[in-house]
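Numbering (the numbering used here), first residue to last: 803 to 1748.
Idealized CB from N, CA, C, for every residue including glycine.
Predicted model only: the values in this text are computed from it and were never measured.
Note sheet for the following structure.
Written out as structure tokens, the structure is:
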């Protein structure tokens, strides 16, 4: 140890540096130590000239090392690395022993997360080959750096041994920094997923150091609390005092957490900041590679085709060991189709071995056991992925069997809570392998278990937005079955386009898979008497039986009608359209979470206050245009044959919330077009962005299997005897025209309605009243005013509507519904169908009363000569175009003046037909033709077919 005489300029500079360190004053440290180092350099030069003791040359090394250590202690890592480069260059030029400086740079690099660089510096110290041995304390610090480098390389057993030796050296030297070894052990244990150590980190007070906050974020991640971990990283990002050398590790960690939360758009938005931070990192080239790994790495739950398998336990930025990197390299080769190269890399990885406890005891042994479980789970998962990729390529069952065995092993090794993401992915891929072996029930169980795990992981997040977003981005068993069916189907087209009979037949199986996803929770509630005949669906991939099922369904459709099924998987939207002698599939890239966001924007415009303003209606238009683009509406419509002018929609989940009638269509996007008749035609000059509901008559079904039972029900209750229910309601425009029966005023009570419906004499029932809709409280206000006159969905469902063909719910929001499970919804519409009605007309949002009154009057009028869907479309056309109605039908006015923009889709597209789209009238063709001639109907509806 060299002594510095007191009172000298050098001693004063050293004392000033020590004082600045105690104060945490970075600038003071730099000023003092640069002065001291300068003085020591001058003394060293004199020593080299022979004018002083040669030991003075060592003083420069000690002071430079102290300078770097002081900067590291106050967190000024960038400044410390800059000085280290300069000092090492000076040491090389003067022949000074560089080992102390290399050690200090190694510790600075380790503090920034550059463990490879730290390992390289440690190796350089070993390779220096100088005769003077390192001090015991320096040897302890060297072994610690070697331990961290070994852990980064995946050699955890060596890392634990070296940490033990480093602790002994530091204790022997009386170095107080030996306590950091315990923190290193804890970090290794947390990284490996040792539950007791993770719990200890989470139970400790909130750390105030960057290293402590990184460890806290890692512990939260291992507990699958991704959002909480991201909040820790966000706090660091917002810290203006965060050292520039730490910004890159923080941004990389935050990016990885955002990807784990399925917020990849937010992760991509961080890329410019990552690139900027990389330019300021000590090793820009390695920083670039680090960033590339962060974005290109295949997480444990997300393969590169976009198929999801649940939230990831994926790599921690800066702590991804070599085994993890090797596994992900193999996964990338598999994703790129380089299967032979992947096999070679996997063989090398296996030859390296996966270590066990190796005689280590205590927390080290538990760390190795936990790490071995994770490594084994990843290895078997990756091996299974390779076998499954070969099965996808050549469809040989032996590869599927091998994949099943590997995935089952991965599931067994991934039982620790922190490995839930690996377990979910293994179960999901196990389901696919079993599906390819035609073990369909086992496949569904695997997919369902994987989705349950993903729901549990999503439940650990803080905010509803993140939880919902994560669930939107993971597939359930129906999504998986549809994805596999779509792989076999003809891409973006039907048999007529591709000429591939096998692919065309697979489209039929895809339709069956889409149908299986619909109505599973509510079919019994809608049609309880016919439940046993509804779900007789062909087995998955049974193309012949699927064709027969499709043919039996399509042959009962009118020639001018088709069925349009839709299903949104996490990253792709599938459309299937079937009719007489037609079947085609369209798949479009569409993120389910983005579609949900767009639908939420649209539903935010549904309040009466918003729609009354031009700005609100512009927002409505923008939202519908965005949705039309996302779902690929134009791709579907241009394939429709010219004869098709009626579409029955079968859609669930977020798609069920879309008012398809309001979606804009480009001119010429629908093949059929419109023809003007002898009367004033509504669409003589169609708007280039005419809404879909004015081009094609639409109706909704909960599932395709409900169509024929509802059609049979409708056939039995055709007729024109109607019932108008009109309780006292301030501000409602009264219905016009003659009615067979009327319950009005005080007589329009729930009991009177129940009794009247029980007579089964009325085929058309219209309820004109106020209503209220809420997720837990919905009702229609009959007489008397107040709770006694409220009709709930449950009350309506208990009534007898088996004599009713068409139920018209004139209350606003009567078409709103509450979700049952993940997909199906219940409300007044479902209650009406359950009670026996063949069809229900209801509004999705608040409709301006005068518009609603005229539209429903016109709809009931057109039912006398048109099927239900065409009657609703005709009424909506008339409202849209402002066509004068026949005498006494009413005008779109209200007290205080006309309704603003009555023809805007927001005014009329809320009205939707649910259920059977066929005839309500019993009139024959001649009587219908006479009625149509006097109705003012658009001539395009002349050729209606039975």
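The C-beta separation of residue 1419 from residue 1467 comes to about 18 Å, leaving the pair out of contact by the 8 Å criterion.
C-alpha of residue 1312 to C-alpha of residue 1318: approximately 10 Å in a straight line. Taking residue 1201 as the centre and dropping the five residues before and after it, the same chain places the C-beta of 1189, 1192, 1193 closer than 6 Å to its C-beta, in chain order. Exposed is the label assigned to residue 985, since fewer than 16 other Cβ atoms lie within 10 Å of its Cβ. Straight-line spacing of the CA atoms in residue 1659 and residue 1634 works out to 20 Å. With a cutoff of 9 Å on beta-carbon distance, residue 1284 and residue 1376 are scored as near each other.
Around residue 1560, the same chain offers 1602 as residues with beta carbons nearer than 7 Å, after the five sequence neighbours per side are excluded. Residue burial annotation: residue 1402 is exposed, with fewer than 16 other C-beta atoms found within 10 angstroms of its C-beta.
For the 9 Å CB-CB criterion, residue 1426 and residue 1274 do not form a contact. Around the CB of residue 927, 16 or more other CB atoms lie within 10 Å, so the residue is classed as buried. In this structure, residue 1605 keeps its C-beta atom at 9 Å or more from the C-beta atom of residue 1556.
Taking the C-beta atoms as reference points, residue 1225 is found no nearer than 9 Å to residue 1205. Three or more pairs of CB atoms, one per stretch, sit closer than 8 Å, so the region 994-1001 contacts the region 1018-1032.
Less than 9 Å divides the Cβ of residue 1290 from the Cβ of residue 1308. When 1054, 1464, 1731, 1134 are compared, the shortest CA-CA separation from residue 1646 is found for 1464. In its chain, beyond the 5 residues on either side, 1271, 1272, 1275 have a beta carbon closer than 6 Å to the beta carbon of residue 1064.
Check the Cα spacing between residue 1184 and each of 1362, 1133, 1139, 1150: the tightest is with 1133.
For residue 1546, the secondary structure class from DSSP, reduced to helix, strand or coil, is strand. Counting only residues of its own chain and dropping the five nearest sequence neighbours on each side, residue 1239 has a CB closer than 8 Å to the CB of 1199, 1202, 1203, 1206. One Cα belongs to residue 899, the other to residue 891, and the distance between them is close to 12 Å. About 7 Å separates the Cβ atoms of residue 977 and residue 942, confirming a contact at the 8 Å cut-off. DSSP places residue 1381 in the strand class (E or B) of the three-state scheme. Secondary structure at residue 821: helix, using DSSP grouped into helix, strand and coil. Remark: three or more beta-carbon pairs, one from each stretch, lie closer than 8 Å, so the region 900-908 and the region 870-889 are flagged as touching. Out of 1249, 1499, 1058, 1034, the CA that lies nearest to the CA of residue 1678 is found in 1499. Here the alpha carbon of residue 1641 sits roughly 6 Å from the alpha carbon of residue 1716.
When C-alpha distances from residue 1368 are compared across 989, 1442, 1451, the shortest belongs to 1451. Rounded to the nearest whole angstrom, the C-alpha separation of residue 825 and residue 836 is 18 Å. Annotated three-state conformation of residue 1262 is coil, per DSSP. With respect to the C-alpha of residue 1434, the residue from 1388, 1461, 1424, 1457 having the closest C-alpha is 1388. Uninterrupted beta strand (DSSP E) stretches at least 3 residues long and entirely within the region 1623-1659 occur at 1626-1629, 1641-1645, given in chain order.
As a beta-bridge residue in DSSP terms, residue 1501 pairs with 1450.
Closest by C-alpha distance to residue 910, out of 966, 870, 939, is 870. In the DSSP assignment, residue 947 falls outside any beta strand (DSSP E) and lies within the alpha helix (DSSP H) extending over 938-954. Beta bridge pairing from DSSP links residue 991 with no other residue. In this structure, the beta-carbon distance from residue 964 to residue 948 falls below 9 Å.
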